[in-house]
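In my numbering, the protein residues as written are 33 to 164.
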């Protein structure tokens with residue numbers, strides 16, 4: 033079962049496995065009130081990279097949402113690129129880690145850690161940057 037995270041105009045889907053892993057990371061870090069920060073940065077083999085970190089602070093430019101006892105923090109620009117994404121945590125013989133199924137990715141690299149945004153997402157992000 034998945035949890036829907038909604039903000040003013042964005043959404044992310046976290047699987048049960050992702051929620052459980054985030055909770056475990058917060059306990060391990062000794063920061064039970066912190067959250068998982070998701071962000072997009074330039075770079076990577078496909079042009080844009082996914083990033084995640086444990087963060088116990090947020091700014092007025094962040095969307096902060098709680099679901100099933102987990103806080104997710106995403107800056108508004110990154111939300112444009114992440115809207116509608118499904119976040120899962122996978123652990124098998126070959127790999128373990130968070131995986132992002134992003135409908136805003138026109139293409140992804142083989143490792144799954146970077147992507148090229150669709151023209152629509154890139155245009156929306158550009159117009160948001162020029163408005164600020």
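All C-beta atoms, glycine included, are put in the ideal place defined by N, C-alpha and C.
Model, not experiment: these values are computed from the prediction.
Could you check whether residue j and residue i sit closer than 8 Å to each other, using their CB atoms as the reference points?
i           : j           : result
residue 157 : residue 109 : yes
residue 114 : residue 134 : yes
residue 68  : residue 54  : yes
Could you tell me the distance, in whole angstroms, from the CA atom of residue i to the CA atom of residue j?
i           : j           : result
residue 166 : residue 64  : Any answer about residue 166 is impossible in this case: the structure gives the chain only from 33 up to 164.
residue 129 : residue 160 : 31 Å
residue 58  : residue 152 : 35 Å
residue 155 : residue 73  : 16 Å
residue 99  : residue 79  : 30 Å
residue 62  : residue 83  : 21 Å
residue 60  : residue 131 : 20 Å
Would you mind giving the Cβ-Cβ distance between residue i and residue j, rounded to the nearest angstrom? I have them listed as a contact below 8 Å.
i           : j          : result
residue 106 : residue 95 : 5 Å
residue 97  : residue 70 : Contact flag wrong, Cβ pair sits at about 11 Å.
residue 120 : residue 50 : 5 Å
Tell me, which residues are paired with residue i by DSSP?
i           : result
residue 120 : 131
residue 138 : Per DSSP, none; premise fails for residue 138.
Checklist entry - In chain order, which continuous runs of the beta strand (DSSP E) of length 3 or greater are located wholly inside the region 51-113? => result 67-74, 80-87, 94-99, 102-107, all fully within the region 51-113.
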